[in-house]
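To convert, note that position 321 of the sequence shown is 321 in my numbering; the numbers rise steadily by one, no gaps. Using N, Cα and C, we set each Cβ at its ideal position, and we do this for glycine too. On a predicted model such as this, the values are computed, not experimentally measured, just so you know.
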Amino acid sequence: MKFTQLELRRIHLELVTPFRTSFGEQTAREILLIGITSDDGTVGWGECVAMSEPLYSPEYVSGVEAVITEFLAPRLTQGGDVIAGDVADILRPIKGHQMAKAAIEMAVLDAELRSGGINLHTRFGGTRPTIPSGVSVGIFSSIDALLSAVQGYVDDGYARIKLKIEPGWDLEPVRLVRELIGPEMGLQVDANTAYTRQDFGHLRQLDMYDLLLIEQPLDTDDLLGHRDLAAAIETPVCLDESIESLTQAEDAVAIGAAEIINIKPGRVGGYLEAVRIHDLCRAHDIPVWCGGMLETGIGRAANCALAALDGFVLPGDISASRRFYARDIVREPIEVVAGEVAVPTAPGLGYDLDAEFVESVTTSLQHVSL
Ligand code: OSB
Ligand code: MG
């Protein structure tokens with residue numbers, strides 16, 4: 001397709017409840033939406049998963065805006081046609097900035113699919129019409145508050161619970177949540193890099209709670225530490241932050257540092273790289289699941305299509321939109337029914353944007369000619 005304009009739209013959404021992780025607490029989500037317009041008037045949207053501050057990964061919203069306007073947008077078309085499958089290669093000379101690149105590729109993909117009347121689920125070839133839904137539960141200031149939040153999610157029908165942990169908030173919360181939800185329900189933990197190589201003995205104590213996995217206990221760049229931890233504990237070690245490309249996934253799997261991988265399309269540079277990592281893991285019998293970044297209905301719809309692929313054998317962090325937002329920017333927000341989310345089937349990524357509401361939550365808007 002021939003694209004003429006890129007739109008960078010920053011929106012602000014309040015969270016229904018604060019979300020605290022080992023790297024910080026959020027009470028609102030600032031999100032950069034990328035709109036791309038083709039010469040026939042088709043508009044595609046990408047949602048950038050970068051957060052306001054570089055606490056989860058090096059990228060952050062203002063930085064993404066800068067790299068897109070200064071470096072990525074000027075390289076994108078070179079005056080010619082672009083297809084989604086070429087975007088990663090076109091942008092490769094610019095190092096890093098996976099989340100910025102992913103958002104652009106996502107917008108191109110949406111435009112391409114919409115103009116062809118095709119849905120992402122169909123393009124990816126997922127066979128399941130619904131996917132199991134897990135929920136990510138933050139760190140609370142008291143155990144009572146945690147348990148009542150978890151009970152609420154159990155009542156909402158979620159298929160599994162993920163608890164955020166950090167030193168001082170791990171064994172006891174996990175023990176009590178396991179007691180609350182019973183032995184059958186899937187339970188996993190996510191440390192967001194909060195532990196060190198000195199903590200293996202401590203983390204081994206989690207083995208008794210029959211967890212599905214422990215996600216990213218050590219630093220982003222500590223692959224060998226994760227390999228050693230995987231050998232030292234029974235709970236499967238899953239990588240999130242450490243995997244930013246297919247190559248890194250290959251390396252982690254080859255050395256035994258990733259027994260499971262959390263695939264987040266934004267973190268790995270786009271949905272197409274996410275599919276390649278899925279394919280690699282399938283070939284190596286490494287289970288994968290789809291992570292989340294507090295996406296709006298745009299990213300949630302696309303994540304559903306990805307998570308419908310056969311290698312996604314564990315429930316993802318694809319919760320109902322209302323778990324984070326009182327009102328979504330799409331007309332039919334993702335809902336959880338009996339622990340499952342229906343994969344959207346409308347043309348494009350599968351959502352219908354609520355343009356009026358988007359306008360009302362927009363905090364800045366910028367246009368770049370292509
Ligand atoms: O580590 O998976 C993570 C949210 C923001 C940044 C990192 C992570 C998370 C979550 C929430 O755990 C996932 C979601 O439900 O969107
Ligand atoms: Mg994580």
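Where the beta strand (DSSP E) through residue i begins and ends
i, result
"His-384", "The chain is shown from 1 up to 370; residue 384 falls before or after that span and cannot be answered."
"Glu-340", "340 to 342"
"Thr-390", "With the chain covering only 1 through 370, there is no way to say anything about residue 390."
"Ser-38", "24 to 38"
"Asp-46", "It is Gly, not Asp, that sits at residue 46 in the sequence shown. Per DSSP, Gly-46 belongs to the beta strand (DSSP E) from 43 to 48."
Closest by C-alpha distance to residue i, when choosing among the options
i, options, result
"Leu-349", "Val-358, Val-108, Leu-171", "Val-108"
"Arg-309", "Cys-281, Val-358, Phe-324, Leu-32", "Looking at the sequence provided, one finds Leu at residue 309 rather than Arg. Among Cys-281, Val-358, Phe-324, Leu-32, the Cα nearest to that of Leu-309 is on Cys-281."
"Gly-46", "Asp-228, Leu-211, Thr-37", "Thr-37"
"Asp-354", "Thr-345, Pro-333, Pro-344", "Pro-333"
"Asp-279", "Val-49, Ser-52, Leu-246", "Leu-246"
"Trp-169", "Asp-190, Tyr-158, Ile-161, Tyr-153", "Asp-190"
"Ala-258", "Asp-328, Gln-205, Tyr-158, Trp-289", "Trp-289"
"Gly-35", "Asn-119, Phe-19, Gly-117, Glu-65", "Glu-65"
"Ser-141", "Lys-162, Ile-243, Ala-149", "Ala-149"
"Ser-321", "Tyr-56, Ser-136, Pro-54, Glu-70", "Ser-136"
"Pro-347", "Ala-102, Ala-305, Ile-118, Leu-229", "Ile-118"
"Ser-115", "Ala-100, Tyr-56, Gly-44", "Gly-44"
"Asp-81", "His-97, Pro-58, Phe-3", "Phe-3"
"Val-154", "Val-361, Leu-370, Ala-338", "Ala-338"
"Ala-307", "Glu-359, Gly-134, Ala-231", "Gly-134"
"Arg-204", "Glu-7, Asp-222, Ala-231, Ile-90", "Ala-231"
Endpoints, alpha helix (DSSP H) assigned at residue i
i, result
"Ser-360", "355 to 361"
"Lys-101", "98 to 116"
"Ile-94", "Where Ile-94 is concerned, there is no enclosing alpha helix (DSSP H), given that its DSSP letter is neither H nor E."
"Pro-74", "73 to 76"
"Gly-79", "Looking at the DSSP string, Gly-79 is not in any alpha helix (DSSP H), and its letter there is neither H nor E."
"Ser-62", "61 to 67"
Contacts around residue i, its chain only, beta-carbon distance under 6 Å, and the 5 residues preceding and following it disregarded
i, result
"Val-253", "His-284, Ile-286"
"Leu-213", "Gln-188, Pro-236, Cys-238, Ile-260"
"Glu-166", "Ser-22, Ala-194"
Supposed contact pair residue j and residue i - C-beta distance, whole angstroms, cut 8 Å
i, j, result
"Gly-299", "Ala-88", "Between Ala-88 and Gly-299 the Cβ distance is about 18 Å, and since that is not below 8 Å, they are no contact."
"Arg-29", "Leu-365", "Between Leu-365 and Arg-29 the Cβ distance is about 18 Å, and since that is not below 8 Å, they are no contact."
"Ile-31", "Leu-72", "Wrong, their Cβ atoms sit about 18 Å apart, outside the cutoff."
"Val-368", "Pro-129", "With 8 Å as the limit, Val-368 and Pro-129 do not qualify as a contact, their Cβ atoms being about 38 Å apart."
"Pro-315", "Arg-160", "5 Å"
"Thr-296", "Val-341", "Contact flag wrong, Cβ pair sits at about 15 Å."
"Val-83", "Glu-112", "Here the sequence assigns Ile to residue 83, which means Val is not the residue at that position. Ile-83 to Glu-112, Cβ: 6 Å. Contact."
"Arg-267", "Gln-78", "Not really, about 27 Å apart at Cβ, beyond 8 Å."
Other residues of its chain near residue i: CB distance less than 8 Å, five sequence neighbours each side excluded
i, result
"Gly-193", "The sequence shown places Thr at residue 193, not Gly. Taken in chain order, the residues that qualify are Ser-22, Phe-23, Gln-216, Pro-217, Leu-218, Asp-219, Thr-220, Glu-241."
"Gln-151", "Leu-180"
"Val-61", "Arg-10, Glu-30, Ile-31, Leu-32, Cys-48, Ala-50, Met-51, Ser-52"
"Pro-93", "Arg-75"
"Leu-147", "Leu-176, Val-177, Leu-180"
"Ile-233", "Phe-200, Leu-203, Arg-204, Leu-206, Asp-207, Ile-214"
Neighbour flag for residue i against chain D, beta carbons, 7 Å
i, result
"Leu-55", "Considering every chain present, this structure includes no chain D. It has just one protein chain."
Own chain, CB closer than 7 Å to residue i, minus 5 neighbours either side, in chain order
i, result
"Leu-211", "Leu-187, Gln-188, Val-189, Thr-235"
"Val-336", "Ser-133, Asp-156, Gly-157, Tyr-158, Ser-319, Ala-320"
For the stretch 127 to 191, list the beta strand (DSSP E) runs that are entirely contained and at least 3 residues long, ordered along the chain.
130 to 132, 134 to 137, 160 to 164, 186 to 190
Unbroken alpha helix (DSSP H) runs of length 4 or more, entirely within the stretch 196 to 269: which are they?
200 to 204, 223 to 232, 246 to 255
Contained beta strand (DSSP E) runs [length at least 3] in the stretch 269 to 320, N- to C-terminal order:
288 to 290
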